[in-house]
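Enquirer: Here you go, one structure.
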Amino acid sequence: KWCGIVVDEGVSVGGPHDPYRQSERSEIYLKYALELLAKGDAYYAFDTADELTALRKEKEARGEAFAYNFEVRTQLRTSLNMSAQEVEQLIADGTQYVIRYKMPENQEIVMQDLIRGQVVVNSSTLDDKVLYKSMDHLPTYHLANIVDDHLMEISHVIRGEEWLPSLPLHYMLYHSLGWTATQPEFAHLPLILKPDGKGKLSKRDGDKLGFAVFPLLWQPENGDSARGFREDGFLPEAFINMLALLGWSPGDDREIMTMDEMVESFSLDKVSRSGARFDPDKARWINAEYIHHAPNALLAQYLEPTLRENNIQATDQYTEHVCALIKERATLITDLWPLSKFYFVAPTEYDAKVVAKFWKGDNPKHLGEILEIVRAMTTFTASEMEAVIHELIQSQGLPMGGVMNTLRLALVGANMGASCFDIMETLGGPESVSRIENALERLPKTD
RNA sequence: GGCCCAUUCGUCUAUCGGUUAGGACGUUAGAUUUUCAUUCUAGAAAGAGGGGUUCGACUCCCCUAUGGGCUACCA
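When we follow the working numbering, the leftmost residue of the first sequence carries the number -12, and every step to the right adds one.
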């Protein structure tokens, strides 16, 4: 058995059991539509779209709901009120037609849904759906769905809740075609709702809400484009984990799970019945968890293209080491570069707020003393530097915060990053010395 | 309007008749910290409303309210 996933505009295709080729498709659908016709479960309708909208408007103007049902079908130009010859003549003349399902009157349709249990609908509330159109020789979704799934021996139909109202029709179709014994089981999944709770999340929402709705950048031919979660800096594993938790839970407190764990724990009866609102904050948190626990080599791979764009030469080992230092500060993959830039490029400017706060009093003087100490060192491990610089601070009774933040300003240009000693060890002695010299040279003198 | 589905902290959810209604995100307060983060601790925060059934209901049934979906010769 195989699994077919039908996304949006697709009549399901492909797979090892695909029973028809493209060129034969419409004939196959027509064949089954005609079979329904022969059984009296369907009929030809010759009314035009214009005629229909006219009738619809007329009804609505009177405050009546319009439905193409058992009441109105006799008032329209259909094969139900024509002789067989008339019908044949119309078709022979090339009159466009549509084949509609003849929904029976007042019949309780009892359905089973794997998530919602039993659902009962009276057929009188349903209308006669179009199954096949002569105009383009194409079936509608309803016919195509039933025919395809039957021929492909589909065992489970798992789709969004928006399809639940069509389920009675599909049941009737399986019934009329005589396929009830092998009809698939159905599960209607809850919808993903917008964060503000106003309606289901759809692709048209694009960037409007400040986050992606596509996994990947979406660029249709009409020139539109919508960003994707990948471009926004989400890891594929985190994205899937986030999606899995929308409308499903493993039943215990686990939230961060590998694909294998999710596959292992998944079952349709743990899928919730109500729509789930997408929460961008939680999505970001999940992604952050994945980044914090990601192997450094993987993160280095994500960072690599940006390094190349900026003409930065660095060994894999160095990049991985940098990733180890920054990853717990990152929420998105796109944070990696801003967080790591100073490990690759010396600061060219200094954060004005930090300068205002720390580049004053004796701080620059103490930075000069640190410079001398670092210059004199022959090895540059974080622990050695920590030892000597703390010694300086303690012996002279200097303010820890002032001294260290001034050093950080010189090394990073801002108030961010790992421990100053880790930064210096990573940069190495000569680079650290050069950055301190730069700061002393370029920042204004103080008294 | 009609039909269908749903309803536990702000959000995602656990609970499958008896619990101090649990967890997570977010939020608040505190601790750690040379910065930014991380991490840790603590707190506030929920069964839509009304009827039943039952010894007992968040859990089962009905009504109402609210939310969502569908109501195309789209999927």
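Glycine is no exception: its CB is placed at the ideal position from the N, C-alpha and C atoms.
Here's the rule: buried if 16 or more other CB atoms are within 10 angstroms of the residue's CB, otherwise exposed. What is residue 213?
Expert: Counting Cβ neighbours within 10 Å, residue 213 comes out buried, since at least 16 surround it.
Enquirer: Mind checking which residues open and close the alpha helix (DSSP H) that includes residue 268?
Expert: 267 to 280 is the span of the alpha helix (DSSP H), which, as asked, contains residue 268.
Enquirer: Just reading off the alpha helix (DSSP H) that residue 305 is part of, what are its end residues?
Expert: From DSSP, the alpha helix (DSSP H) with residue 305 extends over 303 to 313.
Enquirer: Could you tell me the alpha carbon to alpha carbon distance between residue 308 and residue 323, rounded to whole angstroms?
Expert: Roughly 13 angstroms between the two C-alpha positions.
Enquirer: So, at 8 angstroms on beta carbons, what are the nonlocal neighbours of residue 343 in its own chain, with the 5 sequence-adjacent residues on each side left out?
Expert: Excluding residues within five positions, none has a Cβ falling inside 8 angstroms.
Enquirer: Measure the Cβ-Cβ separation of residue 263 and residue 180 and say whether it is below 8 angstroms.
Expert: For residue 263 and residue 180, yes; Cβs fall inside 8 angstroms.
Enquirer: For residue 35, is the classification buried or exposed, using 16 other Cβ atoms within 10 angstroms of its Cβ as the cut-off for buried?
Expert: So residue 35 ends up on the exposed side.
Enquirer: Cα-Cα, which of 56, 28, 69, 340 is closest to residue 400?
Expert: Among 56, 28, 69, 340, the Cα nearest to that of residue 400 belongs to 340.
Enquirer: Exposed or buried, what is residue 233 when buried is set at 16 or more other beta-carbons lying within 10 Å of its beta-carbon?
Expert: It is buried - the Cβ of residue 233 has at least 16 other Cβ atoms within 10 Å.
Enquirer: Determine, using beta-carbon pairs with one atom in the segment 214 to 232 and one in the segment 243 to 260, whether at least three such pairs fall under 8 angstroms.
Expert: The segment 214 to 232, when compared against the segment 243 to 260, does touch it at the 8 angstroms Cβ threshold.
Enquirer: What whole-angstrom Cβ distance do residue 392 and residue 345 have, given they're in contact under 8 angstroms?
Expert: Yes, they are in contact, since the Cβ atoms of residue 392 and residue 345 sit about 5 angstroms apart, within 8 angstroms.
Enquirer: Kindly list the residues whose CB is nearer than 6 angstroms to the CB of residue 198, restricted to its own chain and excluding five residues on each side of it in sequence; keep chain order.
Expert: Around residue 198: 267.
Enquirer: Exposed or buried, which one is residue 412 when buried takes at least 16 other CB atoms within 10 Å?
Expert: That one is buried.
Enquirer: Within the same chain, show all residues whose beta-carbon is closer than 8 angstroms to that of residue 427, passing over the 5 residues directly before and after it, in chain order.
Expert: Same-chain partners within the cutoff: 351, 354, 355, 358, 397.
Enquirer: Applying the 10 Å Cβ sphere with the 16-neighbour rule, what's the burial state of residue 314?
Expert: Buried: at least 16 other Cβ atoms inside 10 Å.
Enquirer: Please list the segments of the alpha helix (DSSP H) lying wholly inside the segment 50 to 105, counting only runs of 4 or more residues, in order along the chain.
Expert: Fully enclosed alpha helix (DSSP H) runs of 4 or longer: 71 to 79.
Enquirer: Can you say whether residue 367 is buried or exposed, counting buried as having 16 or more other CB atoms within 10 angstroms of its CB?
Expert: Buried, because 16 or more other Cβ atoms sit within 10 Å of the Cβ of residue 367.
Enquirer: How do the segment 51 to 65 and the segment 162 to 172 stand: do at least 3 beta-carbon pairs fall below 8 angstroms, yes or no?
Expert: Judged by Cβ distances under 8 angstroms, the segment 51 to 65 makes no contact with the segment 162 to 172, as fewer than three pairs qualify.
Enquirer: Short of 7 angstroms in beta carbon distance, which residues of its chain neighbour residue 407, apart from the five on each side in sequence? Order them along the chain.
Expert: Cβ within range, chain order: 391, 394, 395, 398.
Enquirer: In this structure, how does DSSP classify residue 175 when only helix, strand and coil are distinguished?
Expert: If DSSP states are grouped into helix, strand and coil, residue 175 belongs with the strands.
Enquirer: Taking only three categories from DSSP, how would you classify residue 185?
Expert: Three-state DSSP puts residue 185 in coil, outside helix and strand.
Enquirer: Check each candidate in 23, 302, 201 and name the one with the smallest Cα separation from residue 117.
Expert: Nearest of 23, 302, 201 to residue 117, Cα basis: 23.
Enquirer: Please name the residue, chosen from 82, 373, 219, 191, that lies closest to residue 211 on a Cα-to-Cα basis.
Expert: Ranking the options by Cα distance to residue 211, first place goes to 191.
Enquirer: If I measure Cβ to Cβ from residue 64 and keep anything under 6 angstroms in the same chain, skipping five residues before and after, which residues do I get?
Expert: Answer for residue 64: 33, 34, listed in chain order.
Enquirer: Could you say if the segment 65 to 81 and the segment 35 to 49 meet the contact criterion of at least three C-beta pairs nearer than 8 angstroms?
Expert: No, they do not touch.
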